[in-house]
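Heads up: the structure comes next, in structure tokens.
Here it is in structure tokens:
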């Protein structure tokens, strides 16, 4: 029983940190109640006149309270103090984090995360106190307003007006504090990784467990070549020209390699579509906020992400990002779930900090084609869909005749969004080792709380009926899962190295042949005069 | 007879402004090594980072030296004038430009170019004068050096040493001037567009002539929809989500549109491969210098090019760029030519300044898939390959049953690299107009002089006295590029032309084997969304 129980529907109702999209223009859905009138007016003023109304009044009021039922996030405003203002807010369940402090602390340790839980909880408590005070002041202001409705002596009215003004000034100040605290809280809390599936082995990469082993290394009766040599002899790649034109770790595919790439994409898409997935081709430039919401870091020294100059757009490192974004800020109906997508895209990675890692040939490159599976589902179903995804991967790799092992990755090797991750490592005889060819992750509600993807259950939730307002049942966050169906260059390494023949040719596995115009063999060409 | 005659092998020998790649690891370097003085100079400057180029306290008269050496040197930091230093140099034939001044001037006018020919020629003459003076000083320095080889009185030697030093200082100054002039000349001359094929209609776009018209607009017995409406009803695109995730003019393809894209790519590749083209997939991030060398502007306000932050890399707007670059700075053997490539890539365009133009649906988008043909050939053959390329395009579009016209684009509508350009415009019934679906350009040696792509003819050239040793002198190849299939525009054509009364869309027969036998895109049950 994973995180999905803890992060279920009820908690959402008690703490509503809804995702407010950074773009002001045309967000498709906005949830929760409208901002409180004071806040709305305030932020409107700020944006229209560019004047700072938030400077502290000459006198300060006591700090008190309000039960936060309103949405806290407001459009970014310019204040004199430069708070690092998050562009968007994750709907993080702080109450749950506080109530499960020990489990969260242990998880942070197990995941090698540098999240600062103490600081998060400290800011959270501070914020709650300010919220309470805001509530108290609002109550007092309302009391004053009500008193003014009746007939009053002019001096009495004057006194009330002054009192009301003082209360309003105090509220403005407190609300400013609240915004700052909430921003700080976001910033710190976003570092907290997803919880971890109880079956995940705890520790570093070497603690990862082999779930399954299929086949065994092929025995060769001749000296084997690696894919780079095979590619050179069969005229399949051009790394040298690409190094001049683009830089190192770029490449051209040539001749049969082009057909193999297209054959792999087509075959993979058709196999996964057969299993009920909707095919997509995605944008490869996305807003950096979407990259962040999926749990990737588009900035910083060791970022894997290429950013576009003078724009907030990035090149995607995986189709997981645009597919994750396709239902961003939406409420889905339960009957639509699960949504299963299979997306083809090119992927771009800086591979910063990858110096020294296995970089030979096609293994680690800046640009590659990938077919990616992505599922959005109800929390109760994410575990079984995770099994479904790894099973599809295994079926695909088995039908191509690969020798591989499936690994349940250890806690220390999980990225922040993953609750559990299964990697597949296939045997690459030319490189003489196993190499990762796919990864299947259950991200539970880590991404959906950032992307703002909810669904509305068809039946009311029984656990907390008093929270049900009107006819609608409360929304819940979907769970998201992603899994590689085919990372083309790695698959090409496997196919070339495993299916090489003594005469230097390479056999095309049967299932791919119909997708390559019936081609069964990549044969050496006559050497060209170059 | 086009430009290929003028820009032939002989002129290259008389004016050697070879392309020196900006990157240090070029695969081939041509021509003779830099003169020793220059080499040492630039080496020592680079190593010690000290500026040796300050003017000496006295100046010498400016005289001569016939420039057979390469002029370019690695970029250096000069304290004095902050010159805009080109990252690379095009092998522009300045002598030919000077000798054909009137034709070039007329061409600049016909092409609506803002190139400044007068300035180019002025800089060129200045540069020649400085070259001459450099030559003269080198001669004098050699004389002095020879005198010093013999036995000499100490006083005499002292005088010669001083004389030699003065000459050397003067040379350094002049060589610096020469570099500056050569940089300025490059900058100005790179604005000069390619010459224009004599048959190209002169004038603006409306002067373009129709070469060919195939088919006629399909008659519909029902109200036609545009591709956007069809796509919505058939659940083929997602523009709204893409606007949130990426920005406007981005899109997801969905369901049968994905299969249609894959089928179009596959079918087009296989058709073009049948005709002897080598398939490629290309890098989509390339150095900005390669973009420039292909004749595109990666910088500036209205650039179509996305640049990567903190890098000199750009996203390609067309596979023409990485394919053009694949033989950059190479000398090809004549027997390798023609090289015919068909490349599949994604293309990225900012579409800056495209506000107000036809932007509905898939017509003008920031990212799209394209299959592009590219030919490198001998100059004499580029015109016939241009015909071959337009014929392939026409064959492809005809077999998909499109109604289209082929247009010989007017001079005012040609980009700088094109010597001649044929566009194909197909009928898009939903949009109710013809829309460009392909473009085939002969760039003659405009790109190859920038990319440094030469070949060595197998027989000795027309100018045997220049041939050193056994090798014939090299010539620049001609390059041609042509769209085989720009996927989104083709999807517009297919959806809008093959729509049926019941809302379905029929798949043209040739594509069916590439789309799992699918014959028709049928409406799905409406999803509750």
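Chains as they are written, first to last, in the numbering used here: chain A, 68 to 597; chain B, 8 to 536.
Glycine included, each C-beta is placed from N, C-alpha and C at the ideal position.
Computed from a prediction, not measured in an experiment: that's the story for all the values here.
Taking the CA atoms as reference points, residue 388 (chain A) sits about 49 Å from residue 116 (chain B). The straight-line gap separating the alpha-carbon atoms of residue 520 (chain B) and residue 262 (chain B) is approximately 17 Å. For the region 333 to 351 of chain A, the beta-carbon criterion of a distance under 8 Å to any beta-carbon of chain B is satisfied by 333, 336, 337, 345, 346, 347, 348, 349, 350 and 351. For the pair residue 415 (chain A) and residue 384 (chain A), the CB atoms are nearer than the 8 Å cut-off. Nearest neighbour of residue 272 (chain A) by Cα position, chosen from A:490, A:465, A:313 and A:185, turns out to be A:490. Taking C-beta separations shorter than 6 Å and ignoring five residues to either side along the sequence, the partners of residue 430 (chain B) in its chain run 414, 416, 443 and 446, following chain order. If you draw a straight line from the Cα of residue 173 (chain B) to the Cα of residue 181 (chain B), it comes to about 12 Å. Here the alpha carbons of residue 465 (chain A) and residue 318 (chain B) stand approximately 41 Å from one another. Look at residue 314 (chain A): its C-beta is under 8 Å from a C-beta on chain B. Annotation for residue 557 (chain A): the continuous alpha helix (DSSP H) segment containing it runs 555 to 565. Annotation: residue 483 (chain B) to residue 462 (chain B) spans about 6 Å, alpha carbon to alpha carbon. For chain A, the residues of the region 276 to 300 of chain B that bring a beta carbon within less than 9 Å of one of its beta carbons are 276, 277, 280, 285, 286, 287, 288, 289, 290, 291, 292, 293, 294 and 297, in chain order. Under the three-state reduction of DSSP output, residue 353 (chain B) falls in the strand class.
Bounds of any beta strand (DSSP E) do not take in residue 138 (chain B); it lies within the alpha helix (DSSP H) bounded by 124 to 154. The Cβ atoms of residue 220 (chain B) and residue 412 (chain B) sit closer than 8 Å to each other. At a beta-carbon threshold of 8 Å, the residues of chain B lying near residue 395 (chain A) are 248, 251 and 252, ordered along the chain. Rounded to whole angstroms, residue 380 (chain B) and residue 350 (chain B) show a C-alpha spacing of 6 Å. Under DSSP, residue 286 (chain B) forms a beta bridge with B:349.
Following the DSSP letters along the chain, one finds residue 406 (chain B) inside the alpha helix (DSSP H) bounded by residues 389 to 406. Taking a C-beta distance under 8 Å as the contact criterion, residue 319 (chain A) and residue 325 (chain B) do not qualify as a contact pair. Annotation: residue 488 (chain B) is outside any alpha helix (DSSP H); the continuous beta strand (DSSP E) that includes it extends over 485 to 493. Here DSSP, grouped into helix, strand and coil, assigns residue 302 (chain A) to coil. For residue 413 (chain A), the enclosing beta strand (DSSP E) covers residues 406 to 415. Taking 8 Å as the cut-off, the beta carbon of residue 255 (chain A) is found no closer than this to the beta carbon of residue 195 (chain A). Annotation: the continuous alpha helix (DSSP H) that includes residue 239 (chain B) extends over 234 to 240. Contact between residue 345 (chain B) and residue 384 (chain B) holds, since their C-beta atoms are separated by about 4 Å, short of 8 Å. Collapsing the DSSP output to three states places residue 382 (chain A) in a strand. Interface criterion met: the Cβ of residue 320 (chain A) is under 8 Å from a Cβ in chain B. For residue 448 (chain B), the CB contacts under 6 Å within the same chain, skipping 5 residues up- and downstream, are 425, 428 and 488 in chain order. Residue 197 (chain B) counts as buried, since no fewer than 16 other beta carbons sit within 10 angstroms of its beta carbon. Looking at the DSSP output, residue 430 (chain A) shares a beta bridge with no other residue. For residue 165 (chain B), the enclosing alpha helix (DSSP H) covers residues 161 to 196. Residue 187 (chain A): member of the alpha helix (DSSP H) spanning 184 to 216, first to last residue. Judged by DSSP in its simplified three-state form, residue 540 (chain A) adopts coil rather than helix or strand.
For residue 546 (chain A), the beta-bridge partners assigned by DSSP are A:444. For residue 475 (chain A), the pairing in a beta bridge is given by DSSP as A:276 and A:489.
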